[in-house]
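Take a look at the structure:
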């Protein structure tokens, strides 16, 4: 029985098994695998072992592989339906999640997943990782489980690669992939870590913004000072840092770091027209989070600002006294986490160097700067002529009853660039997240429909790829 | 026996009792009376009761008086040596201390006082409050204790007022003093909360900078956002706040808030010459804290920048993700604590209003600002013709063997302005702090010499005032 022949029974099986699927996702979400905070290291390992055990039960040869950081789970089907010319695939996802702060804004504890119902009747799964990326990974795993139940085997030659550092830059995965390139080169990579265009319209993501993420610490005096005694005479690192941050944009919202726009192409007129036709309005996109006015480059459409244009944002800042009340202190240090979303051919290493020079040039006497790099990955573009792209769009269109669109995403998945440059394969990026999923925020959720129809979508895509 | 007649015996008594005096100061420092953090409320009350009990033992009628915040300790000698024309005095100090963060920079726990020896041989008392203001208050109390031991009575008509909110703006003390003005009006106020000119040169402080302390919170979206999805399109409150902070100074280090310099007088040429003669150099003043270059108004001497010119400093800033590693978030909120040191006739209420307007005018679409005021007190200037000033300088000169100087202080003591405007009395500001005392910083200390000779200095000043 081919995957295509099995598809109707597989879809039925997914429908029949949905309650057990949700329970399995809950078990995964309950593990607080926050990768960026070393206090959670043991939970990251537990999450790796959890997903490894599940893959093992589906017939994968599974190993939890050590890296310099959190481990990578590798599962190999060792063959499968390759004989008939179907592509071998590498499925990539991540078991780690974002931090949960501010914790007091969560309505229920982030690692106690639950089903809730929105005012418009949508059922949602609430919890950190419910969408990003545990829920999305499990759509693929549940599709495989249904194939296994119906046909007794996995439907393609599949290698699973589920890592634990995506939320903090995939630092250990880069050398892991480079050192084991021959082992992981397949015909095609599959990733489920992106979103739908809207709740009714599926999409394949054909470009991803890169990410340069720097942490800068400014130091002035060698200790905290009393502002009454030293105020007016001593350099203040918070003021210094604020002046540098303020200088990062000009009055038109453009980034001022020298050379920043090198490698950024203007969109071709036809692509621009397609984007415009998608009609992303401030009301539709910004309204749901309490905003009204696009804040980026003044001469760009909102959809360009958030998907095809590069950006600079401060993701965190701290310095001096931040407790209750007042303290008349001039801090010794202040630091900020500053990230740049990159597009086209922008070179992250060059921009990192230019940014650091930009900061150093603006240091007054008595101030020094230190840097930590947290991420340095270029933007990626998927080939429009890969046949898998058309197959996936057709499969998604069949499942959702609305034409699947091909769009750029504003987010980054660091390793996807290396899948192209190191392993020489395109990546098919299909995901079921929605703009209101509160990914990286308190009360993260994943629509039950995203989860259920996501699994059905993968079943259809697999059948289309397997032929 | 007059106070002058008793003085030699009183000085001997202070010398003989120094070890017990240190032990009493240690008992006071052990109480973690951090007033700005409500978690320490019980300790603030304990510190009030501790000093009240000590004053009681010296013969004061002592009451711990309730306020809207932390209590005020009032002790009244009810007469004393007033008959011979000596002034009645109000001694003001505070039992509260600054927060201790960053705690990990303390070499020993902040509330476990100890004696240490510096490389240059100076003995120091280490602990939060060792100088500011517990150590300084106890110099006066120990002088009184010696008078009581030698003469059997208190040497002047003294009212003690030891408050618990100086480190957070004296909010409750202002209404307390205004409502009880008749009760606390005396001929002269005494305060021990200032410093020496240098370790060998005593000083009387004749002006204090005022303090406007504002906390501003910028809010953009109604939740934290994923910078991959919203980056470039959503207003970022950290970037907004940084731009506002950067705009607070011009390229010459002058504050740009409209009307800020109204009421700031240029120094008379003779006063400026006196200040210049004190020869405060960047090496001598900034060098010990690791700095080299005066950071204030470019056309002012360093001594002006830190004592006679108004300033603006950011005392704290926080927003977004500030934990370990990276998080690609656009925060919903960012906030900063921003303070202004004021001089001359600057009007703190007007500047507060102008500052708030300055911030609001710079808010882009989708950003809003909220404010909390933590302090709003004008600068004060002590009359040069008050006879107590000359008596105190002579007494200090006798004790230290170096001519006592009269200088302005860069710090603020909020209530001293009201002593003048509400109670109609001058304040004699004498203190023994040193620039390297790390007041408000980790490892705060007070030289044993400051403590010991401070008590002896007060004994001499009291004798001079009592006649």
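Chains as they are written, first to last, in this note's numbering: chain C, 703 to 1169; chain R, 703 to 1169.
All C-beta atoms, glycine included, are put in the ideal place defined by N, C-alpha and C.
The shortest C-alpha to C-alpha distance from residue 1167 of chain R to any of R:789, R:725 and R:703 is the one to R:789. With respect to the C-alpha of residue 928 of chain C, the residue from R:1114, R:998 and R:718 having the closest C-alpha is R:1114. Distance check between residue 1096 of chain R and each of R:1066, R:1119, R:1162 and R:986 places R:1162 closest, using alpha-carbon atoms only. For residue 710 of chain C, the nearest beta carbon of chain R is not closer than 8 angstroms to its own beta carbon.
The alpha-carbon separation between residue 949 of chain C and residue 1062 of chain C amounts to approximately 13 angstroms. At a beta-carbon threshold of 8 angstroms, the residues of chain C lying near residue 1023 of chain R are 801, 803, 1017, 1018 and 1039, ordered along the chain. For a cut-off of 8 angstroms, the C-beta gap from residue 1013 of chain R to residue 998 of chain R is around 7 angstroms, short enough to register as a contact. Contacts with chain R (Cβ-Cβ distance below 8 angstroms) from the region 988-999 of chain C involve 988, 991, 992, 993, 994, 995, 996, 997, 998 and 999, listed in chain order. Taking residue 1127 of chain C as the centre and dropping the five residues before and after it, the same chain places the C-beta of 792, 887, 888, 889, 890, 891 and 1121 closer than 8 angstroms to its C-beta, in chain order. DSSP lists R:928 as the bridge partner or partners of residue 1031 of chain R. Between residue 814 of chain R and residue 829 of chain R, the CB-CB gap stays under 8 angstroms. Taking a C-beta distance under 8 angstroms as the contact criterion, residue 799 of chain C and residue 755 of chain C do not qualify as a contact pair.
Remark: C-beta atoms of residue 841 of chain R and residue 1106 of chain R do not approach each other more closely than 8 angstroms. Excluding its 5 nearest sequence neighbours in each direction, residue 964 of chain C has no C-beta neighbour in its own chain below 6 angstroms. Residue state for residue 703 of chain R is assigned as coil, using DSSP reduced to three classes. For secondary structure counted as the beta strand (DSSP E) over 3 or more consecutive residues, the region 717-755 of chain C holds no complete run. Under the Cβ criterion (8 angstroms, minimum of three pairs), the region 723-733 of chain C counts as touching the region 817-829 of chain C. Only 1111, 1112, 1113 and 1114 from the region 1101-1129 of chain C bring a Cβ to less than 8 angstroms from some Cβ of chain R. Interface criterion met: the Cβ of residue 1066 of chain C is under 8 angstroms from a Cβ in chain R.
Three or more beta-carbon pairs separated by less than 8 angstroms link the region 1132-1150 of chain R to the region 794-811 of chain R, which places the two stretches in contact.
The region 1033-1053 of chain R and the region 911-921 of chain R touch, with three or more beta-carbon pairs separated by less than 8 angstroms.
The beta-carbon of residue 929 of chain C is placed less than 8 angstroms from the nearest beta-carbon of chain R. By the rule that beta-carbons nearer than 8 angstroms mark a contact, residue 1142 of chain C touches chain R.
By the neighbour-count criterion, in which 16 or more other beta carbons inside 10 Å mark a residue as buried, residue 1033 of chain R falls on the buried side. Residues of the region 916-941 of chain C that bring their beta carbon within less than 7 angstroms of a beta carbon in chain R comprise 922, 923, 924, 925, 926, 927, 928, 929, 930, 931, 932, 933, 934, 935, 936, 937, 938, 940 and 941, in sequence order.
For the region 801-829 of chain C, residues whose beta-carbon sits nearer than 9 angstroms to a beta-carbon of chain R comprise 801, 803, 804 and 807.
Counting along the chain, residue 1073 of chain C sits inside the beta strand (DSSP E) bounded by residues 1070-1079. Flagged as an interface residue toward chain R: residue 1029 of chain C, by a C-beta distance shorter than 8 angstroms.
Taking the beta carbon of residue 948 of chain C as reference, the chain R residues within 9 angstroms of it are 941, 944, 945, 946, 947, 948 and 949, listed in sequence order. Annotation: residue 932 of chain R to residue 1056 of chain R spans about 33 angstroms, alpha carbon to alpha carbon.
Under the three-state reduction of DSSP output, residue 849 of chain C falls in the helix class.
Taking all protein chains in view, the Cβ of residue 805 of chain C is surrounded by fewer than 16 other Cβ atoms within 10 Å, so the residue is classified as exposed. Within chain R, the residues whose beta carbon sits less than 8 angstroms from that of residue 1043 of chain C are 929, 930, 933 and 934, listed in sequence order. At a cut-off of 8 angstroms, the C-beta of residue 835 of chain C has no neighbouring C-beta in chain R. Per DSSP, residue 767 of chain C is one residue of the beta strand (DSSP E) stretching across 763-767.
Against chain C, the beta carbon of residue 1004 of chain R has neighbours under 7 angstroms at 935, listed in chain order.
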